[in-house]
Structures are given as structure tokens and as C-alpha cells.
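Student:
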Amino acid sequence: MLSKKTKYGIKALVHLARQKDRVPVQISTISKTENISQKFLESILLTLRKNGLLGSKKGKGGGYYLLKDPKEIPMTTVMRLLEGPIAMVPCVSLNFYEKCDDCLDEDACAVNKLMLKVRDNTLEIFRNTTLADLSN
319 MLSKKTKYGI KALVHLARQK DRVPVQISTI SKTENISQKF LESILLTLRK
369 NGLLGSKKGK GGGYYLLKDP KEIPMTTVMR LLEGPIAMVP CVSLNFYEKC
419 DDCLDEDACA VNKLMLKVRD NTLEIFRNTT LADLSN
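Residue numbers (the working numbering): 319 to 454.
Here it is as C-alpha cells:
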């Protein structure tokens with residue numbers, strides 16, 4: 319299940335993507351418009367800023383803004399930053415692979431075969447969906 323952190327992060331990014339000329343938006347504005355706790359939103363936006371998706375400006379006219387064009391932000395990036403590995407089990411993860419403790423043979427494992435299909439289809443959707451697609 320998608321975490322609230324990721325759900326709210328996507329909503330906030332879409333809000334920012336809809337701004338003309340990437341003008342900074344105050345956290346309080348996003349919080350009210352998207353119905354997200356301001357304190358929780360602050361931590362999410364900080365994560366996105368530290369990982370290079372957002373910039374911030376202090377003072378009058380300040381707030382958060384996108385650093386890249388929404389067309390250049392694939393959902394794989396957003397999902398991995400906020401949710402972590404896309405794969406549901408570590409033995410099929412592309413970036414966070416770990417062998418399952420209870421598995422003797424990955425090639426014969428039915429769970430592995432199923433989760434590879436789930437991972438590949440999920441990745442296909444995330445790779446082919448950008449922030450621009452969600453904000454139009």
C-alpha cells in the first residue's frame with residue numbers, strides 16, 4: 319500500500335508543477351490546498367529538496383519550487399525517494415537486491431517469478447509517467 323508520505327509528496331509535486339514560471343509556493347498554501355498536515359509536509363518537501371527535485375527560497379515571496387521541468391521528473395525517481403524500493407520483495411529489487419533468507423533457489427521460487435512480473439509492470443508505468451503527465 320502506498321504510504322501517506324508518498325501520496326502527499328506526489329500531491330505536493332503536482333501542485334508545484336501546476337505553477338506558472340516555477341514561482342515559489344509557501345508550505346502553508348500547499349498544506350491548505352492539498353489538505354496535508356503542514357508539519358508532515360515540511361519533512362516531505364525537505365526530503366525532495368535534499369534530493370535535488372525542489373529548490374527553496376526564504377523570505378518574502380519565498381517557498382518551494384521545482385528545479386526541473388515536470389517532463390524531466392519520472393515517477394520512478396519520486397517513488398524511490400519517498401517510498402524506497404519499487405520491488406515488493408528484496409530478491410527482485412534492481413537497486414536494493416537482497417537474497418531472501420528462506421529461499422533455497424530463486425530460479426525455482428514461485429514468489430520470485432510473480433514478483434518479477436509485478437516489478438517489471440510497475441516499473442513500466444512509473445518510467446513512462448512523468449510529473450507533467452499527472453499535472454495536466
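Don't be surprised by glycine CBs; every beta carbon is placed ideally from N, CA and C. Note that this is a predicted model, so its numbers are computed, not measured.
What is the C-beta distance between residue 330 and residue 363, in whole angstroms, given that I count them as a contact (C-beta under 8 angstroms)?
Tutor: Locating residue 330 in the sequence shown gives position 12, counting from the first residue. Locating residue 363 in the sequence shown gives position 45, counting from the first residue. Indeed, because the Cβ distance is near 6 angstroms, the residues count as touching under 8 angstroms.
Student: Roughly how many whole angstroms lie between the Cα atoms of residue 421 and residue 435?
Tutor: In the sequence shown, the residue the question calls residue 421 occupies position 103. In the sequence shown, the residue the question calls residue 435 occupies position 117. So the two alpha carbons sit approximately 18 angstroms from each other.
Student: Report the start-end ranges of each alpha helix (DSSP H) in the segment 349 to 387 that is 4 residues or longer and not cut off at the edges.
Tutor: 356 to 368, all fully within the segment 349 to 387.
Student: Could you tell me whether the Cβ atoms of residue 323 and residue 399 are closer together than 8 angstroms?
Tutor: As a first step, residue 323 is located in the sequence shown; it is residue number 5 there, counting from the start. As a first step, residue 399 is located in the sequence shown; it is residue number 81 there, counting from the start. It is not a contact, given that the beta carbons lie outside the stated cut-off.
Student: By a C-beta neighbour count over all protein chains shown, 10 Å radius and 16 as the cutoff for buried, is residue 396 buried or exposed?
Tutor: Against the sequence shown, residue 396 aligns to sequence position 78. Answer is buried; the Cβ neighbour count reaches 16.
Student: Does the segment 383 to 392 come close enough to the segment 438 to 453 that 3 or more CB-CB pairs lie under 8 angstroms?
Tutor: The segment 438 to 453, when compared against the segment 383 to 392, does touch it at the 8 angstroms Cβ threshold.
Student: Exposed or buried, which one is residue 380 when buried takes at least 16 other CB atoms within 10 Å?
Tutor: One-based indexing of the sequence shown puts residue 380 at position 62. Exposed, by the Cβ-count rule.
Student: Rounded to the nearest angstrom, how far is the Cβ of residue 346 from that of residue 356, given a contact under 8 angstroms?
Tutor: Locating residue 346 in the sequence shown gives position 28, where the first residue counts as 1. Locating residue 356 in the sequence shown gives position 38, where the first residue counts as 1. Residue 346 to residue 356, Cβ: 6 angstroms. Contact.
Student: Cutting at 6 angstroms between CB atoms, please list the residues of its own chain near residue 366, excluding the five before and the five after it.
Tutor: For the purposes of this step, residue 366 is taken as residue 48 along the sequence shown, with counting starting at 1. Same-chain partners within the cutoff: 372.
Student: Given residue 411, which residues of its chain have a CB within under 8 angstroms of its CB, disregarding the five upstream and five downstream residues?
Tutor: Position 93 of the sequence shown, counted from the start, is the residue given in the question as residue 411. Only 403, 404, 405 and 437 meet the Cβ criterion.
Student: With 16 other CB atoms within 10 Å as the buried threshold, where does residue 415 fall?
Tutor: For the purposes of this step, residue 415 is taken as the residue at position 97 of the sequence shown. It is exposed - the Cβ of residue 415 has fewer than 16 other Cβ atoms within 10 Å.
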